[in-house]
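Taken in order, the sequence shown gives residues 1 to 236; the numbers are from full-length UniProt numbering.
These notes are about the structure you will find just below.
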Amino acid sequence: MEAEPPLPETDTREKLLDCSPLFWNQFFDRKEQLDIDGDVFNVYFKGTQGPVFYLLHGGGYTGLTWSCFAEQLSAKIECRIIAPDLRAHGQTATKMRMISQHNDKYKIYLTSTLKFTYISSCSPLILIGHSMGGALAVHLVHAKLLPNVMAMAMVDVVEGSAISALSAMPNFLRGRPQQFASEEKAIRWCLQSGTTINKRAARDNNSSTKYTLGGQTCPKANRTGMAGSKDCHKSF
């Protein structure tokens, strides 16, 4: 039997792993910048008919966290999907960087973001939140600020594990690279570090959490200082 040719010596695994970035419009139909009292929220949309899924991402992520979910959900049912970049995340730009989710103004922002785009108050509304976004969803439903809520889901680890992990958060944040030479290297780091295990999700969501500074790709979620949000953790 003829022997298989040897693999090239120059970092073959890295070359075979496609870490080129994907774009938001490969998953969503459109995005809009919504001006709410001088604060500009970046919101992604998919679909025009059916029940509305309002998706709230976790801390350090963006609306594009839901890209693969939106792609698969819309392939199974006719629905509308709304996924905003929350305060101090992604392409959303607000005057106040840090604000507790118990603050009434935060709830107004979230309800306004939805009402600006909510076609009919008769449409069934389903809220899904991940971690921080899940806590926000709970507060919105409890305050009865949204019409016709049919269901709500929160995606997170159990409460005990989440609370015990808070003390380790500063060390985790210090361990994150502050910049990358390219988006591809940032995506590769996310996969190799276990920050993201789904390559397709990493290739899409990663670019929305970064920005370019002097030719270097830097973590965009850290532009407000994730560590600086420590005082808000207890409100989650």
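Each residue gets a CB set at the ideal place from its N, CA and C atoms; glycine is no exception.
The three-state secondary structure of V43, taken from DSSP, is strand.
Measuring C-alpha to C-alpha distances from I82 to each of C122, A88, E183, F41 identifies F41 as the nearest. Under the 8 Å Cβ criterion, the stretch 83-93 does not count as touching the stretch 180-191, having fewer than three qualifying pairs. Taking C-beta separations shorter than 7 Å and ignoring five residues to either side along the sequence, the partners of S74 in its chain run K46, G47, I81, following chain order. Here the C-alpha atom of C190 lies approximately 8 Å from the C-alpha atom of I197. Annotation for T111: L140, L145, L146 place their beta carbon closer than 8 Å to its own, counting only its chain and skipping 5 residues before and after. Distance from the Cα of Y54 is smallest, within the candidate group N171, A202, V157, A151, for A151. Taking 8 Å as the cut-off, the Cβ atoms of P124 and N148 count as close. Q178 sits in coil when the DSSP states are folded into three classes, being neither helix nor strand.
Within the model, the alpha-carbon separation for P21 versus V43 is close to 20 Å. Excluding its 5 nearest sequence neighbours in each direction, E78 has C-beta neighbours in its own chain below 8 Å: G47, Q49, G50, listed in chain order.
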